[in-house]
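Our numbering puts the first residue of the sequence shown at 5, with every later residue one more than the last. Note that beta-carbon positions come from the ideal geometry of N, C-alpha and C, so glycine has one too. As structure tokens, the structure follows; a few thoughts come after it.
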Amino acid sequence: MSRIKILPDAYEIKPLSDIYLPELLKLQENAFLNLENEELLRRNSDTTLRDCLVNHYTLGVIYKGILIAFGILYFGKLTNENIGYDLDLNIDEIIKTANIKLIIVHSAYRGNGLQRRLIGELEKEAIKRGFNTLACTIAPGNFYSIRNFEACGFKFYKQKQKYNGLIRNIYLKKI
């Protein structure tokens, strides 16, 4: 598949509402169609993605009227979805931890720095909302995401068995 090169001022980044659910599902399917190994990504249900659109913070990248990428800042609070528990933090620190739950870029638009841009924008939002730690999980074989998160200042914390037994690297960044 050929890649489409776009300039940073040619696209818009904006918060998404639940009307974008069908587009998020399409982007997720595009990601799975283009993975060498499906264990690199955790598939999210439409219910989970709707929850992220309604109760968390989801940013989209719009290019020529089309959603080409999105990222989710997830507020796990004191639930088992909060990666702060995997960071061995105390309760006061866990409540101040937000997760970058998912970033997906359409395969045709990879290589434009969109994942890094979304990481930066989600970090700004986390700071605005009073969080002091960002956390994420990345499959050990997802070298592109590892490189992008590390370039954005995230540090490897540990490797752990997570979602349905899949091994994940846990990353964090103090903000």
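- Residue burial is scored here from C-beta neighbours: glutamine 32 has at least 16 other C-beta atoms within 10 angstroms and is therefore classed as buried.
- Across the structure, leucine 63 and arginine 114 are spaced so that their CA atoms are roughly 17 Å apart.
- Nearest neighbour of glutamate 40 by Cα position, chosen from Asn103, Ile17 and Gly145, turns out to be Gly145.
- Along the length of the segment 19-95, whole alpha helix (DSSP H) runs at least 4 residues long occupy 25-37 and 50-59, reported in chain order.
- Contiguous alpha helix (DSSP H) elements confined to the segment 88-137 occur at 95-98 and 118-132, taking only those with 4 or more residues.
- Cβ neighbours of glutamine 165 within its own chain (closer than 7 Å, five residues either side excluded): Ile171.
- According to the DSSP secondary-structure assignment, alanine 143 is paired through a beta bridge with no residue.
- The Cβ neighbour count for arginine 47, taken over all protein chains shown within 10 Å, is under 16; the residue is labelled exposed.
- In this structure, threonine 101 sits near glycine 88, with a CB-CB distance shorter than 7 Å.
- Rounded to the nearest whole angstrom, the C-alpha separation of glutamate 27 and isoleucine 131 is 27 Å.
- In the three-state DSSP reduction, arginine 151 falls in the helix class (H, G or I).
- By the criterion of a C-beta distance shorter than 8 Å, alanine 155 is surrounded in its chain by Arg120, once the five residues flanking it on both sides are discounted.
- Close CB contacts of alanine 14 within its chain, under the 7 Å cut and outside five residues either way in sequence, are with Tyr67 (chain order).
- The C-alpha of leucine 29 is placed about 30 Å away from the C-alpha of asparagine 136.
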